[in-house]
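S.K.: This structure is in structure tokens; I'll ask about it shortly.
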């Protein structure tokens, strides 16, 4: 299976996405170059953005 990562935010988020990528690759996934080629999309964003999105949805 192919996985595509979307990472928003600081260097910590980038580091965590890279760590997740390595775990997925160890489990047999390969990185997709484009989102349209992916079977799975992993999205990493700051908690502040998630909280704002929840507030707007309410």
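Numbering (the working numbering), first residue to last: 2 to 59. Note that CB positions come from ideal geometry on N, CA and C, so glycine has one too.
From the DSSP output, read off the bridge partner residues of residue 3.
M.R.: Here residue 3 corresponds to residue number 2 of the chain shown, with the count starting at 1. BP columns for residue 3 point to 31.
S.K.: Give me the Cα-Cα distance between residue 32 and residue 46, rounded to the nearest whole angstrom.
M.R.: Counting from 1 along the chain shown, the entry for residue 32 is found at position 31. Counting from 1 along the chain shown, the entry for residue 46 is found at position 45. The straight-line gap from Cα to Cα measures roughly 19 Å.
S.K.: So residue 30 packs on residue 3, CB below 8 Å; how close in whole Å?
M.R.: The residue you call residue 30 lines up with position 29 of the chain shown. The residue you call residue 3 lines up with position 2 of the chain shown. Confirmed, Cβ separation roughly 7 Å.
S.K.: Using the C-alpha atoms, what's the distance from residue 37 back to residue 17?
M.R.: Position 16 of the chain shown, counting from 1, holds the residue named residue 17. Position 36 of the chain shown, counting from 1, holds the residue named residue 37. Going from the Cα of residue 17 to the Cα of residue 37 covers about 23 Å.
S.K.: How long is the line joining the alpha carbons of residue 19 and residue 6, rounded to whole angstroms?
M.R.: The count along the chain shown starts at 1 and reaches residue 19 at position 18. The count along the chain shown starts at 1 and reaches residue 6 at position 5. If you take the alpha carbons of residue 19 and residue 6, they lie about 9 Å apart.
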